[in-house]
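Notes follow the structure.
Number of protein chains: 2
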Amino acid sequence: MASKHKKRKVVLASGVFDLLHLGHVKFLEEAKKAGGKNAELIVIIARDSTVEKTKGSKPIMPESQRRTLVESLKVVDEAVLGFENFDIGEVIEKIKPDIIALGYDQTAMEKQVREYVNKHGLNVQVVRVSKFEEDELSSSSKIRQKIVEKFAR
Amino acid sequence: MASKHKKRKVVLASGVFDLLHLGHVKFLEEAKKAGGKNAELIVIIARDSTVEKTKGSKPIMPESQRRTLVESLKVVDEAVLGFENFDIGEVIEKIKPDIIALGYDQTAMEKQVREYVNKHGLNVQVVRVSKFEEDELSSSSKIRQKIVEKFAR
Chain A
6 MASKHKKRKV VLASGVFDLL HLGHVKFLEE AKKAGGKNAE LIVIIARDST VEKTKGSKPI
66 MPESQRRTLV ESLKVVDEAV LGFENFDIGE VIEKIKPDII ALGYDQTAME KQVREYVNKH
126 GLNVQVVRVS KFEEDELSSS SKIRQKIVEK FAR
Chain B
6 MASKHKKRKV VLASGVFDLL HLGHVKFLEE AKKAGGKNAE LIVIIARDST VEKTKGSKPI
66 MPESQRRTLV ESLKVVDEAV LGFENFDIGE VIEKIKPDII ALGYDQTAME KQVREYVNKH
126 GLNVQVVRVS KFEEDELSSS SKIRQKIVEK FAR
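Each protein sequence line maps, in turn, to chains A and B. Take the first sequence: its position 131, counting from 1, is numbered 136 in the numbering used here, and each next residue is one higher. Take the second sequence: its position 70, counting from 1, is numbered 75 in the numbering used here, and each next residue is one higher.
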């Protein structure tokens with residue numbers, strides 16, 4: 006007999022979420038859907054230091070603001086700052102997700118996640134969310150570019 | 006005897022909400038608080054055409070994206086696009102708010118609202134929300150400036 010109260014599935018997503026835009030919200034909505042009804046969506050926000058290491062410079066918005074803004078979205082149950090020294094294994098052990106959702110541009114992260122999950126034989130589903138294509142302003146870099154074109158002299 | 010089920014107070018706030026940041030969210034949270042427990046927060050999103058008329062150029066993010074993003078915030082019950090020819094009277098007659106909340110920089114709007122409310126003897130409370138001062142990135146113009154300084158060559 007199936008249990009009357011099914012455990013809520015925990016979906017984990019992560020990202021920088023600098024200059025919050027509709028593409029971010031659509032990604033998070035699709036991620037949560039992967040966990041079915043009553044899924045819980047936990048979002049890891051990349052630390053300023055991690056972004057600086059991987060992209061060469063810090064985000065426009067500081068990490069505390071990025072975290073609070075993401076957590077203020079209806080679709081998000083909890084947003085937490087990542088570890089200073091990012092380690093996917095530590096994140097998985099701590100959050101214990103049922104599903105890890107990855108955005109269209111998170112290919113390096115997907116590789117790390119799949120390797121870790123396979124190596125440790127974990128029962129974690131890895132889901133790829135496709136890009137939201139409504140218009141050209143659903144990427145932080147394109148928003149930055151439009152601002153620079155408009156305001157730089 | 007007081008009614009057991011008090012009517013939810015409707016709070017109306019408005020703005021452009023281009024480049025959504027924590028200052029916007031804090032403003033909306035304070036606005037909703039003014040309506041007490043169970044308040045309903047309705048947000049009018051300024052049309053691209055209205056912003057172009059009043060500020061000389063359109064916002065970075067198109068109106069449909071600004072509306073959807075604001076409505077995806079936990080604190081917001083409903084976000085609606087403003088009228089093409091903005092008229093505070095029409096807005097008040099349509100939404101019938103108990104409270105109109107104004108941000109620190111909405112002085113022109115405050116004047117219009119107070120004049121309309123007084124002239125028509127309406128029972129609408131006008132509330133001014135003070136500026137959120139956590140740090141320097143709680144304004145769209147400062148975010149734009151930081152982006153331009155960082156990326157323009």
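Each residue gets a CB set at the ideal place from its N, CA and C atoms; glycine is no exception. Source: prediction; values computed, not measured.
A distance below 6 Å between beta-carbons, with the five flanking residues on each side excluded, links Arg71 (chain B) to the following residues of its chain, in chain order: Phe22, Ile50. Rounded to the nearest whole angstrom, the C-alpha separation of Ala44 (chain A) and Leu17 (chain A) is 10 Å. Contact between Val85 (chain A) and Glu34 (chain A) fails: their C-beta atoms lie close to 19 Å from each other, not under 8 Å.
For the region 68-91 of chain A, the set of residues with a beta-carbon nearer than 8 Å to any beta-carbon of chain B comprises Gln70, Thr73, Leu74, Ser77, Leu78, Lys79, Val80, in chain order.
Annotated as distal: Leu46 (chain A) and Ser77 (chain B), with beta-carbon spacing of 8 Å or more. Rounded to the nearest angstrom, the gap between the Cα atoms of His29 (chain B) and Gly126 (chain A) is 44 Å.
Beta-bridge partners assigned by DSSP to Gln70 (chain B): none are found.
In terms of Cβ geometry, Ile105 (chain A) and Val131 (chain A) form a close pair [threshold 8 Å].
Around the beta carbon of Asp110 (chain A), a 10 Å sphere encloses fewer than 16 other beta carbons of the protein chains shown; the residue is thus reported as exposed.
By alpha-carbon distance to Ser19 (chain A), the top candidate from A:Met114, A:Ser69, A:His26 is A:Met114. At least one beta carbon of chain B lies nearer than 8 Å to the beta carbon of Val153 (chain A). Burial state of Glu89 (chain A) is exposed, judged by a 10 Å Cβ sphere holding fewer than 16 other Cβ atoms. With fewer than 16 other Cβ atoms inside 10 Å of its own Cβ, Lys116 (chain A) counts as exposed.
Between Ile93 (chain A) and chain B, the shortest Cβ-Cβ separation is not below 8 Å. One finds nothing in chain B with a Cβ atom closer than 8 Å to the Cβ of Val132 (chain A); even the nearest lies about 21 Å away. The beta carbon of Leu127 (chain B) sits no closer than 8 Å to any beta carbon of chain A. Neighbourhood of Leu46 (chain A) in chain B, by CB distance below 7 Å: empty, with the nearest CB roughly 13 Å away. Annotation note: the region 39-119 of chain B contains the following uninterrupted beta strand (DSSP E) runs of length 3 or greater, listed N- to C-terminal: 45-50, 83-86, 104-107. Straight-line measurement puts the Cα of Asn128 (chain B) at about 31 Å from the Cα of Ser54 (chain B). Taking 8 Å as the cut-off between beta carbons, the residues of the region 12-34 of chain A near chain B are Leu24, Leu25, His26, Leu27, Val30, in sequence order. When 8 Å is used as the limit between beta carbons, Ile65 (chain B) is near these residues of chain A: Leu142, Ile148, Lys151, Ile152, Lys155, in chain order. Between Leu74 (chain B) and Glu57 (chain B), the alpha-carbon positions lie close to 20 Å from each other. The C-beta distance from Ile148 (chain B) to Ile148 (chain A) rounds to 10 Å, too long to meet the 8 Å contact threshold. Shown here for Leu25 (chain B): same chain residues with a beta carbon closer than 6 Å to its own, the five before and five after excluded, namely Leu74 in chain order. Cβ contact annotation for Lys63 (chain A) (same chain, cutoff 7 Å, sequence separation greater than five): Asp53, Val56, Glu57, in chain order. Here the alpha carbons of Ser69 (chain A) and Lys136 (chain B) stand approximately 18 Å from one another.
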